[in-house]
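Residue numbers (the numbering used here), protein chains in the order written: chain A, 571 to 666; chain B, 10 to 294; chain C, 1450 to 1599; chain D, 12 to 141.
C-beta atoms are modelled at their ideal positions from N, C-alpha and C, and glycine is treated no differently.
#1: Could you have a look at residue 81(B) and say whether DSSP puts it in helix, strand or coil?
#2: Do the stretch 615-635 of chain A and the stretch 578-591 of chain A meet, that is, are 3 or more Cβ pairs less than 8 Å apart?
#3: Can you say whether residue 597(A) is buried or exposed, counting buried as having 16 or more other CB atoms within 10 angstroms of its CB?
#4: For the stretch 68-88 of chain B, list every residue whose C-beta sits within 7 Å of some C-beta in chain D, in sequence order.
#5: Give, in chain order, every residue of the stretch 150-165 of chain B whose Cβ lies closer than 8 Å to some Cβ of chain C.
#6: Give the straight-line distance between the Cα atoms of residue 1494(C) and residue 1568(C), rounded to the nearest whole angstrom.
#7: What is the rounded straight-line gap between the Cα of residue 610(A) and the Cα of residue 214(B)?
#8: Going along chain B, which residues have a C-beta under 7 Å from residue 1501(C)?
#9: Report the CB separation of residue 133(D) from residue 98(D) in whole angstroms; it is logged as a contact under 8 Å.
#10: Buried or exposed: where does residue 42(B) fall if 16 or more other Cβ atoms within 10 Å of its Cβ makes it buried?
#11: Where DSSP assigns a beta bridge to residue 1487(C), which residues make up the other side?
#12: Within 8 Å, do at least three Cβ pairs link the stretch 15-23 of chain B to the stretch 48-66 of chain B?
#13: Tell me the DSSP secondary structure of residue 51(D) in three-state form.
#14: Does residue 207(B) have its Cβ less than 8 Å from a Cβ in chain D?
#15: Give the secondary structure of residue 608(A) by DSSP, where H, G and I count as helix, E and B as strand, and everything else as coil.
#16: Got a sec, what are the start and stop residues for the beta strand (DSSP E) residue 167(B) sits in?
#17: So residue 1554(C) contacts chain D; which residues on that side make the cut at Cβ distance below 8 Å?
#18: Look up residue 249(B) in the DSSP assignment and say whether it is helix, strand or coil.
#19: I'd like the list of long-range same chain contacts for residue 281(B), defined as Cβ closer than 7 Å, with 5 residues on each side in sequence excluded.
#20: In three-state terms, what does DSSP make of residue 71(D)?
#21: Alpha carbon to alpha carbon, how far is residue 143(D) from residue 222(B)?
#22: Which chain A residues sit within Cβ distance under 7 Å of residue 212(B)?
#23: Does the beta-carbon of residue 184(B), which I'm using as the reference point, lie nearer than 7 Å to any heavy atom of the ligand COA?
#24: Between residue 68(D) and residue 91(D), is the Cβ-Cβ spacing less than 8 Å?
#25: Given a threshold of 16 other Cβ atoms within 10 Å of its Cβ, counted over all protein chains shown, does residue 1564(C) qualify as buried or as exposed?
#26: If we define contact as Cβ-Cβ less than 8 Å, is residue 1487(C) a contact residue for chain D?
#27: Let me know the secondary structure DSSP gives residue 263(B) once reduced to three states.
#28: Residue 154(B) bridges to which residues according to DSSP?
#29: Expressed to the nearest angstrom, what Euclidean distance is found between the alpha-carbon atoms of residue 113(D) and residue 661(A)?
#30: State whether the stretch 37-54 of chain B contacts the stretch 104-122 of chain B, with contact taken as three or more CB pairs (one from each stretch) at a distance under 8 Å.
#31: My understanding is that residue 52(D) touches residue 17(D), with C-beta atoms under 8 Å, so please give their C-beta distance in whole angstroms.
#32: For residue 120(B), does the count of other Cβ atoms within 10 angstroms reach 16, so buried, or fall short, so exposed?
#33: Step through the CB atoms of chain A and report whether any lies within less than 8 Å of the CB of residue 274(B).
#34: Please identify the residue among 114(B), 153(B), 31(B) whose C-alpha is closest to the C-alpha of residue 49(B).
#35: Any idea what DSSP makes of residue 66(D), helix, strand or coil?
#36: I'd like to know whether the C-beta of residue 1496(C) is nearer than 8 Å to at least one C-beta of chain B.
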């Protein structure tokens, strides 16, 4: 993917990805089926069968996977903090 | 006061959120004109509830994201006029639910909040209006990919975020919706859940949800403010979004609280047109 | 063969087997022959005035696939987009008797012999596509799109 | 004039809903109501050929459309047929939230369930008329 920025900020600098709560996750894999950006990875043979594989593919501010998660095991960073962070980086970069 | 609801709670007995959905339903029925549809009983004796369903607006209360009550309503082809998901409400009000089937202080607070919310929204729903006169015309620039045509409006009053949502800003108000990119990708849109009237929406917060058999898309609000109107035609005709997501298919109107700050993270036609083109190419290339 | 973009319009006739075969062969070209960049155009939409379909057929070379010798798809394409770059008459390939079978029309009733007919038609479509002259293109190169056509 | 009700699907080829319309209609006219109904090729009815024109003009038609563009209904009207019932595949699909129905080439089991429901609806309508 060539899309590596969001609002002019390098995607790598934006901390936006789902976090899996393994105490709730029941490995139903609905999120794997759902996410078209391949953020999740299914690992059949491992003990932890689901991991975040491509965090930078995750669309900033998209939380759709957490909506379809039955056991409510997916959470995202605080949106306002992320928004502020993006604004700060943009400011720094325009001054620097 | 909330009036005349047929209430379909999920009634999930093995989760705290399910117990809360049941509690809310029972409390709402203190008002005798509201009726409960028991999800378990309705499975085996659907006809029993036909009369209630025909005479009342349907309020669906889901406990968790599995949304069994919504699915049941969809299965029975019932038109949902209001929907609540307990775990979402808990998140929105920063209330942590324990995994305990006995309702404690937090849970009871949440129940109060949800009941109050229902009362307030009900009183104000009548004020949903189309005060804003979005009477002037959208000007479109289009590009083609295969046989598909993508439109992007180029009016200078229209702003976009990179999440494929637009806002038409006039004074301290904005009308919001999704772009052609979203509707072309979802294909035939079958369900629409509007944001709530009076809800406070942050920039990049959720403002409604649309769903096709391909996927679900939550509208990520380009602006912050209070929801003052919704396009409730979309509840029965969600395909208006496919027809034109800018005009017939607009989603909501927002009273802006801090557009000056929102604007920093919005883009205009020139930038969005290029971004959309690139996304379409990446998707199909 | 180089990758060219081609529109395929099939009659999808409901009255007889020929229509079903025209439809299945067209889908097969779209789904399985990835070296050809085909776009299936929706005939009912095309006929009802669909802007995207008509526009495409007037810009890109388009091939019609008809189930019988009435050639409905071919005639419509010529009527609305002026020209056609090739046409297939399924009844010529599988025989009129087979094409006009009104009993076996549903997908689930098809037997191996019918699926073989589909394959025959597929190879005829491929031939017709490879016969398209490069002049049929108006020089534009669009990328393929899967939106809604999956 | 023959009295059979004409049942005409869109047979759209880009989405599974077009195939669902088609299969539901074929089930109706071949299996459920062969005596009272028949289908006519959509592509044929708009050619304006004398034979089909005579068949269509003034006849009772039930259309089955796979998407909101309502192509079957529009084309039947253009051809002079009288649309007495517009059936929308999506209305039935909505009651099966979250399910997939196959592709525009082939339906899966859930797709078959839905087309059976639609075929029942069409048959019911045909029996009401006759």
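In brief:
#1: Three-state DSSP puts residue 81(B) in a helix.
#2: Flag = yes, the stretch 615-635 of chain A and the stretch 578-591 of chain A touch.
#3: Classification of residue 597(A): exposed, given that the 10 Å Cβ count is below 16.
#4: Here the close residues are 80, 83, 84, 86.
#5: Legend: CB atoms of the stretch 150-165 of chain B lying less than 8 Å from CB atoms of chain C belong to residues 153, 154, 155, 156, 157, 158.
#6: When rounded, the distance between both Cα atoms is 26 Å.
#7: Between residue 610(A) and residue 214(B), the C-alpha separation is close to 23 Å.
#8: The answer, in chain order, is 156, 157, 158.
#9: Contact holds; Cβ gap of about 6 Å.
#10: It is exposed - the Cβ of residue 42(B) has fewer than 16 other Cβ atoms within 10 Å.
#11: Bridge partners of residue 1487(C): 1455(C).
#12: Contact between the stretch 48-66 of chain B and the stretch 15-23 of chain B is established, with three or more Cβ pairs separated by less than 8 Å.
#13: Coil at residue 51(D), not helix or strand.
#14: Residue 207(B) does not count as touching chain D.
#15: Coil, per DSSP.
#16: That run of the beta strand (DSSP E) goes 167-169.
#17: Result: 37, 41.
#18: When secondary structure is reduced to three states using DSSP, residue 249(B) falls in the helix class.
#19: If we look at residue 281(B) and ignore the five residues flanking it on each side, its Cβ neighbours are 161, 169.
#20: Strand, per DSSP.
#21: Residue 143(D) is absent from the model: chain D starts at 12 and stops at 141.
#22: Within chain A, the residues near residue 212(B) are 653.
#23: No copy of the ligand COA appears in this structure; indeed no ligand is present at all.
#24: Yes. Within cutoff.
#25: Exposed, by the Cβ-count rule.
#26: Chain D, which has no Cβ nearer than 8 Å to the Cβ of residue 1487(C), makes this no.
#27: If DSSP states are grouped into helix, strand and coil, residue 263(B) belongs with the strands.
#28: Beta-bridge partners of residue 154(B) (DSSP): 157(B).
#29: Using only the alpha carbons, I get a separation of about 49 Å.
#30: Under the three-pair Cβ rule at 8 Å, the stretch 37-54 of chain B does not count as touching the stretch 104-122 of chain B.
#31: Actually they are not in contact, since the Cβ atoms of residue 52(D) and residue 17(D) sit about 11 Å apart, beyond 8 Å.
#32: With 16 or more other Cβ atoms from the protein chains shown falling within 10 Å of its own Cβ, residue 120(B) counts as buried.
#33: So yes, residue 274(B) belongs to the interface.
#34: It is 31(B) whose Cα lies nearest to the Cα of residue 49(B).
#35: Assigned with DSSP and collapsed to three states, residue 66(D) falls in helix.
#36: Cβ-Cβ to chain B under 8 Å: no for residue 1496(C).
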